[in-house]
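Note that UniProt numbering gives residue 136 to position 136 of the sequence shown, counting from 1, and the numbers run on in steps of one.
Data first, discussion second: the structure below is written as structure tokens.
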Amino acid sequence: MTGSGTVERVFIAPEAEVEMEEQTGVEAVAGQGLRGDRYFSEIETGTFVGWESDEERHDGYDLTLIEQEAVTAIERETGIELAPGEHRRNIETRDAALNHLVGQRFRVGDAICRGDRLCEPCNHLQRITQDGVLQALTHRGGLRADILEDGTIRPGDVIEPVE
């Protein structure tokens, strides 16, 4: 990632399959996720949970991000329009090359994160949205990240690499 991007929107969902709720700010907790989100380690009500303890908790479940440009591109290319938060990612970004952050440390707001892997779309996302989303978001469905240091994330915050 060269330069920096910004946080455009912040979303959480308190449990699996409920509508994402836009936030003015959210607390990112190292090793646990976003406070109030379905994947926060004390809640664990997301669709893809199943670990028995924090030791088994999978990497990349703390935070998900998606480029606003990708959402705009699929609408332009396929006619698939996703309502705000319908992509099921926590952070919508602008001017942030998220695919380049896999394996990298970066700051988002006050939090320090590490890109774990691409957040490829799944059949669950397509089932709750519309046909074609799976293919349209392949390789541009965003990033799964781990929170390494606590912080607050708000719209307008900078996303930048950390040395």
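Here a beta-carbon is modelled for each residue, glycine too, at the ideal position from N, C-alpha and C.
Counting only the same chain and skipping the five closest in sequence on each side, list residues whose C-beta sits under 8 Å from that of residue i.
i	result
residue 218	The requested residue 218 does not occur in the structure, where the chain is confined to residues 1 to 163.
E22	R9, V10, F11, P84 and G85
A70	L137, R140, G141 and G142
Should residue i and residue j be called a contact, given that it needs their Cβ atoms to be closer than 8 Å?
i	j	result
L63	G31	no
A28	G151	yes
I74	A136	yes
A111	I153	yes
P161	T138	no
D95	T6	yes
Mark residue i as exposed unless 16 or more other C-beta atoms lie within 10 angstroms of its C-beta, in which case mark it buried.
i	result
V18	exposed
S53	Unreliable positioning characterises S53 in this predicted model, as indicated by a pLDDT of 44, which lies under 50. A coordinate reading is not provided.
R114	buried
G50	Because G50 carries a pLDDT of 45, less than 50, the predicted location of this residue cannot be relied on, and the following value inherits that uncertainty. G50 is exposed by the Cβ-count criterion.
G25	exposed
G109	buried
R89	buried
If I measure Cβ to Cβ from residue i and keep anything under 6 Å in the same chain, skipping five residues before and after, which residues do I get?
i	result
E55	Note that E55 has pLDDT 46, beneath the 50 cutoff, so the model's placement of it is unreliable and no number is given.
For residue i, which residues of its own chain have a beta-carbon under 7 Å away from its beta-carbon, when the five flanking residues on both sides are left out?
i	result
E44	Since pLDDT at E44 reaches only 47, below the 50 mark, its modelled position is unreliable, and no value is offered.
H87	I66 and V71
Rounded to the nearest angstrom, how far is the Cβ of residue i from that of residue j, given a contact under 8 Å?
i	j	result
R144	G60	3 Å
L118	V133	Contact doesn't hold; Cβ gap of about 15 Å is too wide.
*Which runs of the alpha helix (DSSP H), 4 residues or longer, sit entirely within the UniProt domain "MOSC" (21-162)?*
68-78, 123-128 and 133-137
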